[in-house]
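There are 2 protein chains.
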Amino acid sequence: MLTKSSTELVRQRNSVLVLSVLRRHGALAHTEISDFTRLSSATISAITAELEKAQIIEKSEQQPASGRGRPRVLLRQRRDCGYLIVVIISSDAVQYSLVDYAGKLIDRFSEERSHDPAGAVRFVAAVRAGLLRILDRSKISQEKVLLISISSKGLVNSTEPVLVWSPIFGSEQIDFESALRPEWQAKVILDNETLLVAAALGAREEIVKGADFRSLAALSLGHSVGLGIVRRGNQTGQEISAPNFGHMLHMANGGLCRCGTRGCIEAYAGFYAILRSAFEVPLDTIPAKFVPVAELDKIAAKARQGHRVPAFAFRQAGLALGNGLSRMLSLTERMPIAITGPGTRYYDLLRQGIEEGLGQSHIVRMEGMPEIRVVADEQILVFEGHLNRALSVIDEDIVVSGVQGIQASG
Amino acid sequence: MLTKSSTELVRQRNSVLVLSVLRRHGALAHTEISDFTRLSSATISAITAELEKAQIIEKSEQQPASGRGRPRVLLRQRRDCGYLIVVIISSDAVQYSLVDYAGKLIDRFSEERSHDPAGAVRFVAAVRAGLLRILDRSKISQEKVLLISISSKGLVNSTEPVLVWSPIFGSEQIDFESALRPEWQAKVILDNETLLVAAALGAREEIVKGADFRSLAALSLGHSVGLGIVRRGNQTGQEISAPNFGHMLHMANGGLCRCGTRGCIEAYAGFYAILRSAFEVPLDTIPAKFVPVAELDKIAAKARQGHRVPAFAFRQAGLALGNGLSRMLSLTERMPIAITGPGTRYYDLLRQGIEEGLGQSHIVRMEGMPEIRVVADEQILVFEGHLNRALSVIDEDIVVSGVQGIQASG
DNA sequence: GATTTTTTTCTCGACAGTCGAGAAATTTAG
DNA sequence: CTAAATTTCTCGACTGTCGAGAAAAAAATC
Numbered sequence: 001m002l003t004k005s006s007t008e009l010v011r012q013r014n015s016v017l018v019l020s021v022l023r024r025h026g027a028l029a030h031t032e033i034s035d036f037t038r039l040s041s042a043t044i045s046a047i048t049a050e051l052e053k054a055q056i057i058e059k060s061e062q063q064p065a066s067g068r069g070r071p072r073v074l075l076r077q078r079r080d081c082g083y084l085i086v087v088i089i090s091s092d093a094v095q096y097s098l099v100d101y102a103g104k105l106i107d108r109f110s111e112e113r114s115h116d117p118a119g120a121v122r123f124v125a126a127v128r129a130g131l132l133r134i135l136d137r138s139k140i141s142q143e144k145v146l147l148i149s150i151s152s153k154g155l156v157n158s159t160e161p162v163l164v165w166s167p168i169f170g171s172e173q174i175d176f177e178s179a180l181r182p183e184w185q186a187k188v189i190l191d192n193e194t195l196l197v198a199a200a201l202g203a204r205e206e207i208v209k210g211a212d213f214r215s216l217a218a219l220s221l222g223h224s225v226g227l228g229i230v231r232r233g234n235q236t237g238q239e240i241s242a243p244n245f246g247h248m249l250h251m252a253n254g255g256l257c258r259c260g261t262r263g264c265i266e267a268y269a270g271f272y273a274i275l276r277s278a279f280e281v282p283l284d285t286i287p288a289k290f291v292p293v294a295e296l297d298k299i300a301a302k303a304r305q306g307h308r309v310p311a312f313a314f315r316q317a318g319l320a321l322g323n324g325l326s327r328m329l330s331l332t333e334r335m336p337i338a339i340t341g342p343g344t345r346y347y348d349l350l351r352q353g354i355e356e357g358l359g360q361s362h363i364v365r366m367e368g369m370p371e372i373r374v375v376a377d378e379q380i381l382v383f384e385g386h387l388n389r390a391l392s393v394i395d396e397d398i399v400v401s402g403v404q405g406i407q408a409s410g
Numbered sequence: 001m002l003t004k005s006s007t008e009l010v011r012q013r014n015s016v017l018v019l020s021v022l023r024r025h026g027a028l029a030h031t032e033i034s035d036f037t038r039l040s041s042a043t044i045s046a047i048t049a050e051l052e053k054a055q056i057i058e059k060s061e062q063q064p065a066s067g068r069g070r071p072r073v074l075l076r077q078r079r080d081c082g083y084l085i086v087v088i089i090s091s092d093a094v095q096y097s098l099v100d101y102a103g104k105l106i107d108r109f110s111e112e113r114s115h116d117p118a119g120a121v122r123f124v125a126a127v128r129a130g131l132l133r134i135l136d137r138s139k140i141s142q143e144k145v146l147l148i149s150i151s152s153k154g155l156v157n158s159t160e161p162v163l164v165w166s167p168i169f170g171s172e173q174i175d176f177e178s179a180l181r182p183e184w185q186a187k188v189i190l191d192n193e194t195l196l197v198a199a200a201l202g203a204r205e206e207i208v209k210g211a212d213f214r215s216l217a218a219l220s221l222g223h224s225v226g227l228g229i230v231r232r233g234n235q236t237g238q239e240i241s242a243p244n245f246g247h248m249l250h251m252a253n254g255g256l257c258r259c260g261t262r263g264c265i266e267a268y269a270g271f272y273a274i275l276r277s278a279f280e281v282p283l284d285t286i287p288a289k290f291v292p293v294a295e296l297d298k299i300a301a302k303a304r305q306g307h308r309v310p311a312f313a314f315r316q317a318g319l320a321l322g323n324g325l326s327r328m329l330s331l332t333e334r335m336p337i338a339i340t341g342p343g344t345r346y347y348d349l350l351r352q353g354i355e356e357g358l359g360q361s362h363i364v365r366m367e368g369m370p371e372i373r374v375v376a377d378e379q380i381l382v383f384e385g386h387l388n389r390a391l392s393v394i395d396e397d398i399v400v401s402g403v404q405g406i407q408a409s410g
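Structure, rendered in structure tokens:
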């Protein structure tokens with residue numbers, strides 16, 4: 001359904017545009033903003049004056065003039081305009097980061113996760129305590145926290161911050177909105193971890209390729225298997241989605257997966273699955289909860305020495321991944337695939353299977369192999385994705401509510 | 001990448017909005033347009049005056065006043081504002097329809113397709129002749145044809161009107177843009193047939209459910225298998241895509257498909273595939289080019305009488321479809337599935353397999369079975385999808401180019 | 001038949017936004 | 001100290017939307 005436009009909306013959009021180029025390029029002068037946004041100088045004056053009055057941006061102190069003419073006055077976000085808390089939930093720990101409005105990391109710590117199955121209730125309590133702790137350490141008032149951005153592996157509701165299914169809690173849902181709402185006014189968003197990796201890679205790619213960038217998928221290999229897809233939206237930036245890839249059906253009546261279903265991709269390509277088939281344990285054995293990486297390293301070493309059974313285990317994993325990716329490509333469009341996560345250290349063993357698995361589908365035979373690259377530093381990408389996404393959400397909210405609020409009350 | 005907004009853009013968007021409610025609801029009075037669009041009466045006056053001057057809409061002749069007060073003046077599209085040619089390519093014929101700007105069918109005929117494999121070049125020539133013929137029969141000047149909307153089964157390029165792969169011509173690409181460009185100034189768009197079915201069903205659904213509508217998939221069963229997905233876009237209407245579903249990998253190293261690959265869904269669920277397995281022909285047999293529906297009806301009759309082998313063939317087909325749909329759902333979100341096409345007459349035989357195939361995946365076990373409905377009249381839906389899509393494209397183009405042009409020259 | 005009521009459409013002034021041109025500000029070069 | 005260069009700011013013109021009320025036109029009422 002289309003919806004009406006108004007002149008006020010124009011100002012809102014252009015204000016967000018100004019803030020976004022400030023994000024992308026750091027502190028900028030009036031003229032540069034005008035160049036980047038294609039807005040006229042007069043408009044930039046109006047918008048920046050408004051944002052400055054609303055205490056969202058500030059003029060930086062004069063810097064040594066670097067040419068002749070009137071010296072530039074750089075504009076930048078006010079760090080203290082608001083704060084963001086990033087919560088990264090991984091299988092063994094929860095990391096809390098406090099970030100200011102300019103994207104600068106202020107404080108960070110991790111808390112080990114107790115592996116008891118007591119579950120979701122206790123976990124939520126721990127997250128609430130962690131949030132209060134990082135707030136307390138930094139002496140920032142709670143109202144100044146504008147957004148809490150959470151990520152986890154697993155399946156996430158697309159509209160509300162609800163963790164629908166996760167490797168740790170299974171189908172025990174966690175609704176972060178209602179868990180945090182009485183205590184926090186901040187907006188809460190939740191994203192799949194691999195989605196954020198894809199978002200970060202997509203943003204990087206867009207800087208390099210500009211308008212040529214179309215889409216990209218990130219595949220994360222580890223104890224579980226995740227996939228994130230970024231597509232260039234019509235106009236409104238990027239469109240991202242995190243399918244339930246790890247638990248997509250690979251083979252009907254196949255190996256038993258942690259999720260209780262048979263034949264998931266993860267039941268062939270997850271770390272526990274590789275372990276299982278390397279030890280020739282029957283495929284309907286209940287899988288191990290947690291596999292030390294050292295264990296898998298040993299299997300990989302044997303495979304590299306030429307032992308057939310462990311090599312076959314990796315090959316089977318690759319095939320499952322390749323078949324799954326080919327199915328994904330059948331449903332979307334041709335796009336490059338970036339592989340991240342701890343599993344990349346076994347890429348040499350997985351590669352042949354992946355390529356063979358991909359090659360078994362019509363779309364790949366027709367369009368050729370997609371580009372596959374291995375990307376390290378998954379953790380950095382996750383955090384980068386959080387920042388990209390969260391800060392642009394804040395920019396929008398602040399323009400919609402903040403500027404008008406100040407205008408009305410001042 | 002965000003892009004700048006301007007007041008002129010506001011007018012454009014609101015003009016398109018006015019035209020779109022006129023499409024949806026037929027001839028409307030000033031007041032009604034204001035109600036639907038939430039634009040003020042003054043704005044409606046300005047926009048409609050402009051559109052009327054540009055000869056895009058017109059005031060209808062006074063109708064018998066149906067209440068007291070000043071009688072309403074209905075506004076409607078001018079039929080002669082422009083014309084649309086719809087070309088529906090099916091396996092045995094090509095149907096040409098001439099439609100005016102108000103969406104009214106003016107002329108229509110079908111031409112049999114010669115089944116010779118001489119191929120794409122001759123086919124393109126036939127289409128060009130068909131287009132000239134329908135134009136000639138109606139005595140409309142060629143410049144008045146604003147859009148040619150083509151549909152076919154198969155895989156379509158998402159940005160240009162290029163048929164990348166089709167059941168008939170295989171990988172022999174057909175670029176309708178370059179084929180028609182010297183002769184026609186009209187814009188040319190090409191869509192997958194099942195995509196249009198999905199678009200039409202989505203539009204119907206949106207009228208019923210309004211903002212509650214989220215997404216929907218249409219599955220077309222016949223000689224080939226097609227899938228279209230409609231999702232409610234962020235703001236810009238609906239977002240639609242036509243995956244290469246029929247040739248998504250069902251089972252590695254499976255039955256041989258028409259496309260030359262092994263294990264496609266179509267190699268189990270296409271009409272020729274059902275025939276093949278009902279006659280217990282080996283799965284690597286080169287499939288029949290064309291299967292008369294009567295042939296399949298006979299097999300279905302036997303299956304309904306309780307013969308095991310034909311029943312098994314339908315069951316296998318259902319399993320392939322169900323597995324494929326479950327994979328689709330793993331990659332998107334839960335959505336209802338509408339089944340159309342000639343294959344719906346065997347739905348009683350397919351159903352159990354489809355449901356079993358769906359149930360084998362994690363996502364379905366978790367979220368439950370998606371709603372499945374059988375929808376007849378695929379042909380009507382295809383045409384309806386053409387109109388929805390083509391006329392809104394015309395509306396946009398006309399506002400962007402037309403109004404400004406008139407303004408500038410007048 | 002004249003007047004009132006009701007409903008719809010049109011018009012006017014206020015307000016918000018963008019833009020181009022030129023004025024003002026401020027530094028370096030000579 | 002003046003001229004040139006560069007950046008920022010300001011002003012008037014233009015386009016857009018909106019609310020309120022005037023104008024139009026038919027039915028209802030007296």
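Protein chains in written order, with UniProt numbering: chain A, 1 to 410; chain B, 1 to 410.
From the three backbone atoms N, C-alpha and C, an ideal C-beta is built for every residue, glycine too.
Fair warning: this is a prediction, and the values are worked out from it, not measured in the lab.
Of all C-beta pairs linking the stretch 344-356 of chain A to the stretch 380-393 of chain A, fewer than three are shorter than 8 Å, placing the two stretches out of contact. Going by DSSP, K144(B) is part of no alpha helix (DSSP H) at all; its letter is neither H nor E.
Residue pairing from DSSP places R262(B) in a beta bridge opposite L256(B). Beyond the five residues adjoining it in sequence on each side, L19(B) comes within less than 6 Å, by CB distance, of D395 in the same chain, given in chain order. For F314(A) and G270(A), the gap between their C-alpha atoms comes out near 10 Å. In summary, G306(B) is exposed, with fewer than 16 beta-carbon neighbours lying within 10 Å of its beta-carbon over all protein chains present. Contact of W165(B) with chain A by beta-carbon distance below 7 Å involves M366. Residue pairing by DSSP places D175(B) opposite V162(B) in a beta bridge. If the five residues before and after E356(A) are omitted, its C-beta is found closer than 7 Å to the C-beta atoms of L319 and G322, all from its own chain and listed in chain order. In the three-state DSSP reduction, R13(A) falls in the helix class (H, G or I). Near chain A, meaning a CB-to-CB distance below 7 Å, the residues of the stretch 294-325 of chain B are N323. Inter-segment contact for the stretch 253-263 of chain A and the stretch 187-207 of chain A is absent: fewer than three beta-carbon pairs are separated by less than 8 Å. Closest option to V145(A), judged by alpha-carbon separation, among G154(A), L155(A) and L132(A): L132(A).
One thing to note: E371(B) has its Cβ within 9 Å of the Cβ of P336(B).
Residue pairing for R232(A): DSSP places it in a beta bridge opposite Q238(A). Where L98(A) is concerned, the enclosing beta strand (DSSP E) starts and stops at A93 to D100. Chain-order list of chain A residues neighbouring C264(B): H362, by C-beta distance under 7 Å. Under the three-state reduction of DSSP output, I339(B) falls in the strand class.
Rounded to the nearest whole angstrom, the CA to CA distance from P71(B) to I33(B) is 15 Å. When C-beta atoms of the stretch 294-313 of chain A are compared with those of the stretch 225-244 of chain B, fewer than three pairs fall below 8 Å, so the two segments do not count as touching. One thing to note: I150(A) has its Cβ no nearer than 9 Å to the Cβ of L84(A). Between V99(A) and V86(A), the C-beta spacing is below 9 Å.
Put simply, the stretch 163-180 of chain A does not touch the stretch 206-218 of chain A. Fewer than three CB pairs are less than 8 Å apart. V375(B) and T340(B) do touch by the CB rule: their CB atoms are close to 5 Å apart, below 8 Å. The stretch 8-18 of chain A makes contact with the stretch 4-16 of chain B; the number of CB pairs closer than 8 Å reaches 3 or more. Of the residues assessed, T194(A) falls on the buried side of the cut-off, its CB having 16 or more other CB atoms within 10 angstroms. If the five residues before and after A311(B) are omitted, its C-beta is found closer than 6 Å to the C-beta atoms of A303, all from its own chain and listed in chain order. Per DSSP, reduced to three states, the secondary structure at Q360(B) is coil, with no helix or strand assignment.
By the Cβ neighbour-count rule, P287(A) is buried, with 16 or more other Cβ atoms within 10 Å of its own.
In the structure shown, A311(A) falls within a helical segment according to DSSP collapsed to helix, strand and coil.
For Y83(B), the enclosing beta strand (DSSP E) covers residues Y83 to I89. Within the same chain, Cβ atoms closer than 7 Å to the Cβ of A186(B) are found at V145, L146, L147 and I148, the five residues on either side in sequence being excluded.
In the three-state DSSP reduction, Q77(A) falls in the strand class (E or B).
Exclusion of the five residues before and after L216(A) leaves A198, L201, G202, E205, V230, M335, P336 and A338 as the residues of its chain whose Cβ lies within less than 7 Å of its Cβ. Put simply, the CB of V188(B) is far from chain A, with every gap to its CB atoms at 9 Å or more. Taking 9 Å as the CB threshold, M369(B) stays off the interface with chain A.
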